[in-house]
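Chains as they are written, first to last, in this note's numbering: chain G, 1304 to 1632; chain Y, 38 to 332; chain S, 4 to 169; chain P, 36 to 700.
Idealized CB from N, CA, C, for every residue including glycine.
First comes the structure, then the notes that go with it.
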């Protein structure tokens, strides 16, 4: 019996998720014994045409990481959806938008202008911008178009399972692959990580007080963080209580607050709103002015509460941005 | 402190003593009074009763001039002016028809009235802006032993009780006490002085004046202090006719600013005390000595 | 220019003890107000999960009104204080998300203040009318339009691509 | 009796016309028709009066015939009839919580004029409820036992009557009174209208009965400072102020008062509203209960300076009742119910300066006159002017601080009758001419109109019109030396000046100045005017929004003695109903932790004002004590991982409601 074939693909992604496969280290050997890799542009020289040549559902599983931002990514997402039995949104960007999802706070024009013109490190006197078509050797080439909106994978195609994290840990990856191969799967649409908040596995949990009352919030660089004590107890915004477990609390263990990459539990629709609710309820201030000055300690609420999940949040995108913009010449 | 000043006709005529005492007192307290350039008649109650809309346009011109001059406060010492200008402000705010008429009227003269200037009575300004503490510091000749009946009249607190109670105003009471005077209990402080009835229906008007005088005398007052030129005139000018009808009730009536001037030690000449029919003398000087000996 | 015909949709979360009762009182007193508000009754304004608010906006509310007991008067001691803190942060968050913060309003309305319900609802309706529709569901649709290409279209582009490579 | 998970949802929808109250504005049949087409709706009906027996019967019958497992009723406010319909649902054989109510009267037909918009709103609300009710589950109400003791706060006539009613029924009562004696305002009255029976004669026996009753613990000179807990189980902290006299040992012989180093009584006496004098050690009034002296710490030399010969202690001799070591004491008690009867305060007549109170000595308030005509009063019942003359003419001004937008808008209800009573007493005592200035005479009580009639026949003059002012300036010789009332006589159509010797201001009633603090203490509401708010103005006049806290007497609004007593009896009966049943059923809207979901993040623990949430260290999970949870849901909103839920207010229920009100176009 031939080994099941899998594909690994990246969309709007930093490459960390690719790295996460490699980070399985010797664990990958076991994986490779069990499956054939049919498509993995980062590591192996297969072409899109190879995928297209496969019969529909010819792939056992496709692991797609990265948010969907370009026409090409949309197309690949659709292609892989068609070709695979299990489409897995792999990593925070594919699951909920991730860091690239924060681009939903800007218009395409704002982004392009900054990246290609205004960024202090850019030298582009001709103001060259990416094009959707160009001539090469007399032939017209079609190039991907940058979309106006960043999307999660499941906002483009149907997704069977989610493996969250920025990036998912090797353990989670191995467990996900194991579950897929063994067929011991939860209901379709499930997140392959514990459905409980991070505090459950946080080494600092026992130091969290039961009478938390925030007098001020501090950002990590503003505080000398006690490596043992609950970060919230130190006034550092830690998204752990509103974030799914499964990463073994890697950040708190490394003396940094959780920033929420694993997304919310299944019972929460909007991770940012929930964290805000929990956090703000426990502020000690009692009047408008005093509350305001405590809140000043969180200068970027959207970036704090939706660092990895803006496209997946209830509002999805800065609401007053236009849907379409005239293509930039 | 800078104030725009709207004297109105009275302060240039019958009520000259009011202006003549108000200006030095304000100056003495370091407040600048700039008479509004090209002011006109406020319209008084007469015009209001004939044609409200036109009366408002007439009065609003003064407000517009004050606004144009950039005045935050317009001081109007005459109670009638104070009431008419305040009323005009309210009417412009509340009635679209009047607002339109005013805009039209003033517009023709290139003016507009947006309601940014407050119409203030000097009593309000003296006590609430400048303050009794500052006034107290300036008192060099406390009005010790002087019994004063504080008389406010009707218009300054009714219907717009802007800075004091409509029934029982006490601003002047507190001011007079600060000057060292003794304020007698004078429950008639907002009763009618007879107003223009003293001229038109003297039987009624003079009787009202008489009651005010009689009660002030009965309560042991040496003098009645007023804040309105018409009140002062009625209480001061009709003693002869009143005495013929009801017997003598001789008591002088002065502007509160004149009493302030005395307490501040300002020269008597500057305070226009000589303009009253019934001369006022400080109690200690009852023998007939001049009021403020030093000049 | 605000559209006078625009009927804003307001979702209101009223606490059982004060504001809901005040709205009942407004009814008993026959105070008339704009029919644009839909009240969801909760025991305490502290139960208002920020998810409810964002959810209302995302489903077409033009405004969200939270009504609770006055500070110090909460039936549950301090639930409204928690609401106030969340509300303050939510306003900042909404600003960041490009939603005019005037679309979210928190009012303390005691059981006796039936008339305040009338005043606030009318005021808010007018305010929202001036702001115009938020219309998030419509925006979502517009946003999705660019990615909404059909499979057939996708196949067509694949065919073109193949031809180009050939 | 309940549709479990997985069974098909079969919803019955009922829209009530409420006569024309709803149907006059909302097109009820159209709403019913609209709902009939919604998924899961099996029956959809409109009916004239859903709360009527046939209306309820309709629900029961449909549950049986159509096998309904969810019910939605669109009618009035759930605060009014939720219980009614839940009972009907239960009687129909369904769990009562598989029910949702839609408020289309108070929140719709009564407040909107646009029929089409109101109908659309009703549809949206109905749609939301139909969606919401799908998530409802069968719940059981929780029973909590009721502590049989009752706290009564305030020892005026209402508090006295409530205490005696309960005590006579065998209930233990704690009666807490802030003043040194119970009796309240009524103790100061000479006679009572309209029967003119002596107030002391009817009040004193009741006061003594309180003092002597084995079931009543009377704590005078004490205040409630803290109330915790909930209906059936309140923990109350009472502050007992030091009276420097041991209540157990004092027999009220008053030897100590005679022996006080102050030979003359020289301090204003509260009972006589400042018109009489007392010593630093005193007994408030002869019939005071408890019959125990009290030492005024602000006046007593020993308390103030520690330097006094303590002749009082000597006089008390071996009783040793006087105890200067007494300190303020906090006592805790447990009760199941609380009756608040904290009364009113009188309007301060100085707030209307034109009436000259505080300026003219012969302008007095009604309560001062009451003391002046009482034989136990400062003048021994002789009504004299301040200069010792007997008044020849007396005028009463009614509605002082009542029915006036500048002060209080309400009618104080008792002043008309009270003034007429005093007017009759004045005539009886002095034969003076009496004129009463009134706006309207309000004499609706039993025997009151007849009393008015009697007043007229007795020669009391009534002038209808608001008095403009009271002055002492004369216009005519007859007015010289008199107080002059200027008033418009609206019946004669002229302004009158009436000179009199004495003027009595019938001051109205106001909420106690600390009513707002009390309201917070007992978790009650106040109306805009500041009176304690009853749960329903008609149907629950002595209940408050907090179960187990009742109100009676003038703290709820101005009223006379019979009404106060009736309310006090009603409040006692309400408390007894709870005590005798022995338990109360609590709305099952408590929050609960889904243990397998909880991460143990402890975020919820500081949120709960009732410390109902604790952290189970062994399981590392949060845990909610349902007995302590009051169902606010604040922790539910705060749980960052969605692991706390709330019965009746589940996230899905609320979310589907939001979705519902918005998705109906």
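Distance check between residue 1580/G and each of 42/S, 13/S, 51/S and 100/S places 51/S closest, using alpha-carbon atoms only. In this structure, residue 639/P sits away from residue 606/P, with a CB-CB distance that is not shorter than 9 Å. The continuous stretches of beta strand (DSSP E) do not include residue 107/Y, and DSSP gives it neither H nor E. Secondary structure remark: continuous alpha helix (DSSP H) runs of at least 4 residues inside the region 369 to 416 of chain P, in chain order: 401 to 407. Listed in chain order, the alpha helix (DSSP H) elements of length 4 or more contained wholly in the region 72 to 145 of chain P are 88 to 101 and 113 to 126. Beta bridge pairing from DSSP links residue 1512/G with no other residue. Residue 377/P and residue 338/P have their C-alpha atoms some 29 Å from each other. Close to residue 52/S, with beta-carbon spacing below 8 Å, are these residues of chain G in chain order: 1576, 1577 and 1580. DSSP places residue 1542/G in no alpha helix (DSSP H); its state is neither H nor E. For residue 92/S, the chain G residues whose Cβ falls inside 7 Å of its Cβ are 1579, 1583, 1598 and 1604, in order along the chain.
Between the alpha carbons of residue 1624/G and residue 127/P lies a gap of roughly 54 Å. Going by beta carbons, residue 543/P and residue 593/P fall inside the 9 Å limit. Taken in chain order, the complete beta strand (DSSP E) segments of 3 or more residues contained in the region 239 to 292 of chain Y are 260 to 263 and 290 to 292. For residue 39/Y, the enclosing beta strand (DSSP E) starts and ends at 39 to 42. Beta-carbon to beta-carbon, residue 392/P and residue 518/P are separated by about 11 Å, too far to satisfy the 8 Å threshold.
The beta carbon of residue 209/Y sits closer than 7 Å to those of 160, 187, 189, 262, 264 and 293, all from its chain and outside the five residues before and after it, given in chain order. The C-alpha of residue 1569/G is placed about 15 Å away from the C-alpha of residue 1463/G. Three or more beta-carbon pairs drawn from the region 667 to 686 of chain P and the region 625 to 644 of chain P are found closer than 8 Å, and the two stretches are therefore classed as touching. For the region 149 to 175 of chain P, the set of residues with a beta-carbon nearer than 7 Å to any beta-carbon of chain S comprises 149, 152, 153, 156, 159 and 160, in chain order. The beta carbon of residue 513/P does not come within 9 Å of any beta carbon belonging to chain Y, so the residue lies off that interface. Spanning the alpha carbons of residue 62/Y and residue 302/Y requires a straight line of approximately 10 Å. Residue 279/P sits away from residue 325/P, with the two beta carbons spaced by 9 Å or more.
Linking residue 146/Y to residue 85/Y through their CA atoms gives a straight-line distance of about 21 Å. Contact with chain P is absent for residue 213/Y, since none of that chain's Cβ atoms lies less than 9 Å from the residue's Cβ. Taking a Cβ-Cβ cut-off of 9 Å, residue 22/S has no neighbours in chain P, whose nearest Cβ is about 11 Å from it. Looking from the CA of residue 570/P, the closest CA among 584/P, 564/P and 563/P belongs to 584/P. With a threshold of 9 Å between beta carbons, residue 394/P makes contact with chain Y. Short of 8 Å from the beta carbon of residue 329/P, and not among the five residues preceding or following it, lie these beta carbons of its own chain, in chain order: 215, 256, 278, 279, 280, 316, 317, 318 and 319.
The three-state secondary structure of residue 1576/G, taken from DSSP, is helix. Under the 10 Å beta carbon count, residue 314/Y is surrounded by fewer than 16 other beta carbons and is classified as exposed. The region 1416 to 1427 of chain G makes no contact with the region 1349 to 1366 of chain G; the number of CB pairs closer than 8 Å stays below 3. The beta-bridge partner set that DSSP reports for residue 46/P consists of 76/P and 105/P.
The residues 1533 and 1555, in chain order, have a CB closer than 6 Å to that of residue 1507/G in the same chain once the five nearest residues on each side in sequence are set aside.
Three or more Cβ pairs closer than 8 Å define a contact, and the region 193 to 208 of chain Y meets that threshold against the region 149 to 160 of chain Y.
Using a Cβ distance threshold of 9 Å, residue 259/P and residue 556/P count as a contacting pair. Contact fails between the region 178 to 187 of chain P and the region 140 to 153 of chain P, because fewer than three Cβ pairs, one in each stretch, are under 8 Å apart.
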